[in-house]
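Colleague: Quick one: the structure is below, questions incoming.
Protein chains: 4
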Amino acid sequence: MTPAVLIVGATGYAGSELAGLVDGHPALTLAAAMRARPDAPAVPAGPSTRAVEPLDVARFADVDGVFLCTPHGAAAPLARTALEAGARVVDLSADFRLRDAALYEATYGAPHPAPDLLDASVYGLTEHARAEVRTARLVANPGCYPTSILLPLLPLLAAGVVHADAPIVADSKSGVSGAGRAPSEVTHFGNVHDNFRAYGVGAHRHTPEIHQVAGTDRIAFVPHLLPCERGILSTLHFAPAAGCDASVARGVLDEAYAHEPFVTVYPAGPTPELRAVQRTNTCHVSVHDVGPVLTVVSALDNLVKGAAGQALQNMNLLLGLEETLGLRSPAGEPEQGKRS
Amino acid sequence: MTPAVLIVGATGYAGSELAGLVDGHPALTLAAAMRARPDAPAVPAGPSTRAVEPLDVARFADVDGVFLCTPHGAAAPLARTALEAGARVVDLSADFRLRDAALYEATYGAPHPAPDLLDASVYGLTEHARAEVRTARLVANPGCYPTSILLPLLPLLAAGVVHADAPIVADSKSGVSGAGRAPSEVTHFGNVHDNFRAYGVGAHRHTPEIHQVAGTDRIAFVPHLLPCERGILSTLHFAPAAGCDASVARGVLDEAYAHEPFVTVYPAGPTPELRAVQRTNTCHVSVHDVGPVLTVVSALDNLVKGAAGQALQNMNLLLGLEETLGLRSPAGEPEQGKRS
Amino acid sequence: MTPAVLIVGATGYAGSELAGLVDGHPALTLAAAMRARPDAPAVPAGPSTRAVEPLDVARFADVDGVFLCTPHGAAAPLARTALEAGARVVDLSADFRLRDAALYEATYGAPHPAPDLLDASVYGLTEHARAEVRTARLVANPGCYPTSILLPLLPLLAAGVVHADAPIVADSKSGVSGAGRAPSEVTHFGNVHDNFRAYGVGAHRHTPEIHQVAGTDRIAFVPHLLPCERGILSTLHFAPAAGCDASVARGVLDEAYAHEPFVTVYPAGPTPELRAVQRTNTCHVSVHDVGPVLTVVSALDNLVKGAAGQALQNMNLLLGLEETLGLRSPAGEPEQGKRS
Amino acid sequence: MTPAVLIVGATGYAGSELAGLVDGHPALTLAAAMRARPDAPAVPAGPSTRAVEPLDVARFADVDGVFLCTPHGAAAPLARTALEAGARVVDLSADFRLRDAALYEATYGAPHPAPDLLDASVYGLTEHARAEVRTARLVANPGCYPTSILLPLLPLLAAGVVHADAPIVADSKSGVSGAGRAPSEVTHFGNVHDNFRAYGVGAHRHTPEIHQVAGTDRIAFVPHLLPCERGILSTLHFAPAAGCDASVARGVLDEAYAHEPFVTVYPAGPTPELRAVQRTNTCHVSVHDVGPVLTVVSALDNLVKGAAGQALQNMNLLLGLEETLGLRSPAGEPEQGKRS
């Protein structure tokens with residue numbers, strides 16, 4: 002009998018994307034897709050057309066896994082309920098991403114809703130946390146921007162490719178689905194279409210998360226809003242350590258991700274683009290010498306590898322399933338970079 | 002009697018934009034809008050609907066000023082003809098932007114077409130070259146990316162706000178009109194819409210121009226292609242000199258541009274966006290502290306301040322007219338940043 | 002001394018467009034741009050950057066003309082106040098478009114807010130109401146869809162080109178600015194971008210307005226929402242009267258609009274497109290034989306000829322000014338159709 | 002052993018979409034994805050990343066089915082070769098859509114390339130040709146516009162819902178992928194983005210195909226180009242027969258498509274939208290009373306149900322497979338209309 006999961010918050014972008022993925026999963030049953038709040042829309046944002054039910058925490062006891070796609074603050078109490086009911090939990094909110102309750106409070110402007118659960122949670126950047134995730138009961142699914150930045154950056158930092166004292170610039174650009182499904186000035190067509198701007202400069206909530214996982218606060222993160230629906234492209238720039246160039250950095254990434262199905266490192270020359278990663282769980286990465294700096298370009302789908310797809314990778318591991326189930330591209334292999 | 006000008010290359014994006022501006026200019030007559038090549042389209046890209054005539058260099062003698070909106074290589078011989086005919090010239094191509102014929106050859110893959118004219122030409126970043134432009138006969142109109150980068154950067158470099166040894170990252174994003182009006186893989190709707198990518202990484206032809214004018218090759222320039230038609234937003238990141246922060250940098254820019262009608266420096270907080278500068282000749286600039294770096298955001302319309310508008314500023318000066326004629330916003334004053 | 006006008010509701014799309022037009026008007030002073038409601042945004046949607054003030058009806062007495070850009074229902078009481086203060090009024094809302102208070106109530110679900118003013122108002126489809134507008138004190142500015150449909154249709158109906166008993170299909174497509182500036186499901190980027198749909202099928206509030214002015218209810222009006230910001234393209238289809246074809250219909254339109262600066266009738270072949278009319282006050286029209294029907298294509302900018310531009314035409318007439326002041330294209334002549 | 006197929010023309014939009022579908026098909030092997038011409042791009046438009054090989058007709062003998070995704074004129078000789086090699090053929094070009102070689106020549110400006118094969122071919126509007134397709138060897142896959150128009154129209158014509166003498170208007174709107182992958186003025190971003198226009202008015206090559214299958218030339222077909230990548234929405238308008246209204250028409254369609262997995266008839270009220278059908282093989286249909294006419298709205302993905310998806314339906318039948326294999330939505334059931 003296949004394991005059963007349920008989704009809380011299935012009407013938003015990430016939850017709806019997740020419902021679509023679980024619907025197509027060969028070894029998981031979607032027991033329920035629930036609204037997080039009574040006033041949430043009655044239908045998902047897409048692509049799943051499954052009817053969405055009211056929140057019913059009593060049903061947490063009937064499933065093996067619970068996905069939480071709620072705003073921060075709302076997820077932690079639901080996570081506790083689910084854990085007490087015996088379910089494994091992947092939380093797509095920010096509630097368990099920061100290891101430090103005080104930093105959470107400084108960042109989110111409210112006391113951490115469940116500080117006692119912080120130690121039990123694992124930060125689920127899957128490629129770098131596989132062993133911990135397998136034995137965890139509560140996984141904090143990484144933010145979309147941090148995933149796009151940390152996947153290329155962690156191996157380069159570990160290998161000493163980055164100059165030890167220099168700033169690391171993470172100039173990121175995201176489609177507007179990252180701003181959520183709620184109508185607002187930010188998501189109004191007239192403010193997005195044919196427009197482009199930076200936002201949250203010096204103050205975005207993903208900054209502490211990036212610093213925490215990278216182990217350094219030398220990273221300057223500046224997000225921008227693209228006039229498209231889905232995808233993040235992050236351009237990283239940093240002075241290399243002595244003796245390091247793009248070729249060295251590419252070698253480090255090649256080795257780190259040689260056997261990873263969801264990270265593709267480009268050969269010298271071409272660069273990732275959003276179209277190549279949209280609706281896939283793959284992160285594409287390229288490295289370039291640009292005068293005084295190394296420039297790393299990283300692209301992923303913020304709703305898949307940056308949210309629902311990575312969450313499913315983590316749930317697969319939590320439930321003892323093959324990590325790639327339900328996430329392979331149609332051809333059964335990860336996408337390759339196609340354009341120069 | 003008002004001075005007369007003509008435009009060569011009036012069917013492309015920049016030339017057509019320029020035709021529209023000159024049509025609305027209160028003190029210039031547009032004597033002719035000419036095709037650069039026999040096979041160019043018979044109608045402008047917009048907004049002008051003026052009929053475009055074949056190239057006729059004999060008519061250069063009848064006008065006071067000639068705008069050259071041709072590919073690089075084709076402009077220089079036309080510039081010579083126009084100068085010999087007694088006209089002032091603003092060249093929107095790259096032919097006279099680089100001061101060094103050898104660097105031109107290395108960058109554009111062909112010998113410089115008129116090296117003897119290089120000394121007579123002036124690099125027309127108007128706000129920083131006003132006096133030279135007034136007395137020049139041949140102005141090299143700056144590239145769109147360089148304009149967006151140099152306007153904020155030059156005063157900061159001059160004032161010592163930038164750390165002396167550190168890299169300066171110029172992460173730029175442009176609408177697709179920068180790629181020109183010719184159909185190609187690059188400009189195909191299916192490759193631009195809902196897409197985003199870096200291009201020319203480490204190899205874009207505007208890099209030597211930026212280095213030359215800034216007086217340093219520590220600038221790492223990485224351009225990206227936005228899924229919109231017009232506008233450039235450049236995000237600059239650099240380690241500040243000791244004692245310098247965003248407030249200091251903003252003060253430097255405020256002072257540099259206090260009396261400039263076409264550069265708007267934002268107060269602390271808001272950031273420029275493309276919509277605020279599209280179809281204006283204004284460059285909007287903001288400065289931010291972002292952890293270890295200062296981040297400067299600069300936005301302009303690549304077809305106006307980055308091409309046709311700045312060319313008209315320069316032509317106004319060449320012909321002894323008020324610099325802002327034909328370029329004011331409807332309200333008679335430069336746009337102000339509007340959104341936070 | 003130039004006449005003075007003020008705008009109520011200057012923060013929405015139409016009001017903001019109007020503020021930009023009046024700012025550039027050579028013979029009108031914009032005395033004030035006011036918010037319609039205390040909670041309206043403090044800044045206009047663009048392009049004007051003029052500061053917007055609170056509503057102050059006392060100032061109606063200081064101006065010659067008042068533009069009302071408010072929701073229906075809110076305009077009528079303001080119109081009364083303005084008329085009593087001696088100002089001429091152009092109302093861009095729906096309050097005075099329908100001549101019959103009962104039809105207004107059936108359409109808008111509330112009693113007409115000022116039925117006694119209906120007789121004093123003129124329906125300002127300028128090209129067809131010039132004489133009445135000149136002597137009026139209150140002008141109902143037509144809806145954007147009706148303008149795009151009635152400009153081509155009225156002369157064809159009058160000339161008997163349309164088959165007397167057959168349905169007239171008005172299949173219209175509008176950019177999303179027609180849905181207003183308020184954030185909503187309808188205007189959310191994710192629901193507009195890369196999407197297209199019909200809406201209000203059989204129930205749109207512009208239907209009674211179209212029927213009233215055309216003098217027939219044989220018109221089937223079906224609006225659609227385009228994934229772009231501004232512009233309406235209406236495609237009309239009807240069986241022609243005996244002996245009538247596209248050539249006859251084109252002749253009728255050519256004659257009707259031969260001297261009209263803001264209506265351009267195309268020769269046989271090319272069709273209008275949104276880009277040719279965006280940010281102009283011109284309506285472009287073409288006529289085609291398509292098997293059993295005549296097809297008429299009409300394009301205009303919903304915010305200019307469909308709202309603010311036509312309102313300014315009307316105000317010019319109300320105040321005894323040249324009708325085209327402030328509305329000419331840069332070249333001083335109406336746009337011509339450019340592409341085949 | 003699963004049947005094997007190959008695709009000729011796998012680099013264009015339709016061929017590439019088809020390669021992606023066959024890659025994910027549980028009971029078909031994709032033996033080869035071939036270029037149609039030596040100078041075709043080396044990589045598919047997406048989503049498949051499979052390497053594309055040169056055309057090699059010798060391999061037609063090794064497969065059970067051949068998909069032809071070539072320009073018209075080029076398909077017919079390849080079809081002959083494939084049939085002689087013993088393969089079943091689905092031709093996505095126009096070569097076998099018209100039953101009459103003279104009409105083909107009048108429409109496509111060249112003699113029919115294989116008139117002797119016309120009688121052997123079947124027009125594969127699957128829902129209306131299932132029995133013939135099952136026993137055919139050569140299927141002409143319908144055009145994208147005709148599919149969107151004929152699926153709703155055929156049952157209504159057969160049931161006598163349409164007034165017998167009145168025109169039927171088919172006002173269709175398509176994303177730009179319908180114009181193909183080749184760079185051109187038509188597909189240039191600057192001519193599509195933020196634009197909308199009618200084209201081929203009175204002269205589109207799909208008109209004879211629509212007339213032939215509907216059995217009447219009373220249909221006025223007018224296509225328009227949408228500023229989005231994929232999807233067709235057709236709005237049909239016609240006077241109903243006496244006693245017929247939307248409710249009657251909806252009943253006819255409900256009955257016709259009650260057991261069809263790929264046609265969804267909406268209840269009264271909501272209308273289809275492109276987002277609901279993009280990347281699915283489903284056609285959504287709604288019916289409305291609009292004054293003197295019935296209005297039918299039909300939406301499908303031009304690259305799936307309008308091309309590759311329907312081609313796969315047909316190939317499934319040709320090869321004796323379950324018709325829906327490889328075409329189901331993730332949830333295993335057709336999409337339902339979601340928004341009102």
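Protein chains in written order, with my numbering: chain A, 2 to 341; chain B, 2 to 341; chain C, 2 to 341; chain D, 2 to 341. Don't be surprised by glycine CBs; every beta carbon is placed ideally from N, CA and C. This one's a predicted model, so the numbers in the text were calculated from it and none came from an experiment.
What residue range does the beta strand (DSSP E) around C/Ala178 cover?
Modeller: A quick correction: the sequence has Ser, not Ala, at residue 178 of chain C. Careful: C/Ser178 lies outside any beta strand (DSSP E) and carries neither H nor E.
Colleague: Taking only the alpha-carbon atoms, compute the straight-line gap between D/Pro114 and D/Thr30 and give it to the nearest angstrom.
Modeller: Looking at the two C-alpha atoms, the distance is approximately 30 Å.
Colleague: Please confirm if the stretch 3-21 of chain D is in contact with the stretch 177-194 of chain D, defined as three or more CB-CB distances below 8 Å between the two stretches.
Modeller: With the cut-off at 8 Å, the stretch 3-21 of chain D and the stretch 177-194 of chain D touch.
Colleague: Using a Cβ-Cβ cutoff of 7 Å, what residues of the stretch 155-179 of chain B are near chain D? List them in chain order.
Modeller: Within the stretch 155-179 of chain B, the residues whose Cβ lies closer than 7 Å to some Cβ of chain D are Val177, Ser178, listed in chain order.
Colleague: How should B/Ala52 be labelled, buried or exposed, when 16 other C-beta atoms within 10 angstroms of its C-beta is the threshold for buried?
Modeller: Classification of B/Ala52: exposed, given that the 10 Å Cβ count is below 16.
Colleague: With a cut-off of 8 Å, do at least 3 Cβ pairs link the stretch 205-219 of chain C to the stretch 271-284 of chain D?
Modeller: The answer is no - the stretch 271-284 of chain D does not touch the stretch 205-219 of chain C, with fewer than three Cβ pairs under 8 Å.
Colleague: Could you tell me the distance, in whole angstroms, from the CA atom of A/Pro331 to the CA atom of D/Gly25?
Modeller: For A/Pro331, the predicted model reports a pLDDT of 45, less than 50, meaning its position is unreliable; a value from the coordinates is still stated below. Those two C-alpha atoms are separated by around 5 Å.
Colleague: Could you name the residues of the stretch 275-288 of chain D whose beta carbon sits closer than 8 Å to any beta carbon of chain B, in the order they occur along the chain?
Modeller: Hits within the stretch: zero.
Colleague: Just the Cα atoms here: how many angstroms apart are B/Thr296 and C/Val170?
Modeller: Cα-Cα distance, rounded: 55 Å.
Colleague: Can you pull the DSSP bridge partners for C/Met35?
Modeller: The partner list for C/Met35 (beta bridge, DSSP) reads C/Val9, C/Glu54.
Colleague: Compare the Cα-Cα distances from B/Val23 to each of B/Tyr258, B/Met35, B/Leu254, B/Ile8 and report the closest residue.
Modeller: Comparing Cα positions, the closest option is B/Ile8.
Colleague: Mapping DSSP to helix, strand and coil, what is C/His189?
Modeller: Note: C/His189 maps to strand in three-state DSSP.
Colleague: Just list the beta strand (DSSP E) runs in the stretch 189-230 of chain A, keeping only unbroken ones of 3 residues or longer that don't cross its boundaries, in chain order.
Modeller: You should have 220-226.
Colleague: Going by beta carbon distance, what residues of the same chain come within less than 8 Å of D/Val123, once the five residues before and after it are set aside?
Modeller: Cβ neighbours of D/Val123 beyond the five flanking positions: Ala130, Glu133, Val134, Ala137, Leu139, Val140, Ala141.
Colleague: Taking C-beta to C-beta, are A/Pro153 and A/Leu254 nearer than 8 Å?
Modeller: A contact, by the Cβ cut-off of 8 Å.
Colleague: Can you tell me whether C/Gly292 is helix, strand or coil according to DSSP?
Modeller: DSSP places C/Gly292 in coil when its eight states are reduced to three.
Colleague: Measuring only between beta-carbons, confirm whether B/Asn196 sits less than 8 Å from chain A.
Modeller: Yes, B/Asn196 lies at the interface with chain A (some Cβ there is under 8 Å from its Cβ).
Colleague: Compare the C-alpha of D/Ala240 against each of D/Gly144, D/Leu19, D/Ala167, D/Val177 and name the closest.
Modeller: Of D/Gly144, D/Leu19, D/Ala167, D/Val177, the residue nearest in Cα terms is D/Ala167.
Colleague: Which runs of the beta strand (DSSP E) fall wholly inside the stretch 249-314 of chain B and span at least 3 residues, in chain order?
Modeller: 264-266, 284-291, 294-301, all fully within the stretch 249-314 of chain B.
Colleague: Go ahead and pull the three-state DSSP assignment for A/His1.
Modeller: One cannot answer for residue 1 of chain A here, as it falls past the ends of chain A, which runs 2 to 341.
Colleague: If you compare alpha carbons, which of B/Asp96, B/Ala59, B/Asp63 is closest to B/Ala76?
Modeller: Residue B/Asp96 is the option with its Cα nearest to B/Ala76.
Colleague: Going by DSSP, what residue range makes up the alpha helix (DSSP H) through B/Gly244?
Modeller: Here B/Gly244 belongs to no alpha helix (DSSP H), and DSSP marks it neither H nor E.
Colleague: Using CA atoms only, rank isn't needed, just tell me which of C/Ala103, C/Pro78, C/Ser248, C/Ala308 is closest to C/Val162.
Modeller: The option with the nearest alpha carbon to C/Val162 is C/Ser248.
Colleague: Could you run through the stretch 182-193 of chain C and flag, in chain order, every residue whose CB is less than 7 Å away from some CB of chain A?
Modeller: Taking 7 Å as the Cβ-Cβ cut-off against chain A, the residues of the stretch 182-193 of chain C that qualify are Arg182, Pro184, Ser185, Glu186, Thr188, His189, Phe190, Gly191, Val193.
Colleague: Can you find the residues in the same chain that come closer than 7 Å, C-beta to C-beta, to B/Gly333, ignoring five residues on each side of it along the sequence?
Modeller: Bear in mind that the predicted position of B/Gly333 carries a pLDDT of just 37, short of 50, making it unreliable; the figure below should be weighed with that in mind. Hits under 7 Å: none found.
Colleague: Could you spell out where the beta strand (DSSP E) holding A/Asp1 opens and where it closes?
Modeller: Not covered by the structure: residue 1 of chain A. The range shown for chain A is 2 to 341.
Colleague: Since D/His194 and D/Pro228 are thought to touch, with beta carbons under 8 Å apart, how far apart are those beta carbons, to the nearest angstrom?
Modeller: Their Cβ separation, rounded to whole angstroms, is 5 Å, which keeps D/His194 and D/Pro228 in contact under 8 Å.
Colleague: At what residues does the alpha helix (DSSP H) containing A/Ala20 begin and finish?
Modeller: Here the alpha helix (DSSP H) through A/Ala20 covers 14-24.
Colleague: Quick one, which residues of the stretch 228-249 of chain B are near chain D if we go by CB-CB under 7 Å, in chain order?
Modeller: Here the close residues are Glu230.
Colleague: Using the beta-carbon count (16 or more within 10 Å), is D/His73 buried or exposed?
Modeller: With 16 or more other Cβ atoms within 10 Å, it is buried.
Colleague: Decide if A/His1 is buried, meaning its Cβ has at least 16 other Cβ atoms within 10 Å, or exposed.
Modeller: Nothing about residue 1 of chain A can be reported from this structure: the residues present for chain A run from 2 to 341 only.
Colleague: According to DSSP, is C/Thr71 helix, strand or coil?
Modeller: C/Thr71: coil per DSSP, three-state reduction.
Colleague: Excluding the 5 residues preceding and the 5 following D/Ala32 in the sequence, name in chain order all residues of the same chain whose CB lies nearer than 6 Å to its CB.
Modeller: Ala5, Leu7, Val64.
Colleague: Leaving aside the five residues before and after B/Thr82 along the sequence, list all residues of the same chain whose C-beta is less than 8 Å from its C-beta, in chain order.
Modeller: These residues qualify, in order along the chain: Val58, Phe61.
Colleague: I'd like the span of the alpha helix (DSSP H) that includes A/Val123, first residue to last.
Modeller: Where A/Val123 is concerned, there is no enclosing alpha helix (DSSP H), although the beta strand (DSSP E) it sits in stretches over 122-124.
Colleague: Under a Cβ-count criterion, where at least 16 other Cβ atoms within 10 Å of its own Cβ denotes burial, should D/Thr3 be classed as buried or exposed?
Modeller: Label assigned to D/Thr3: exposed.
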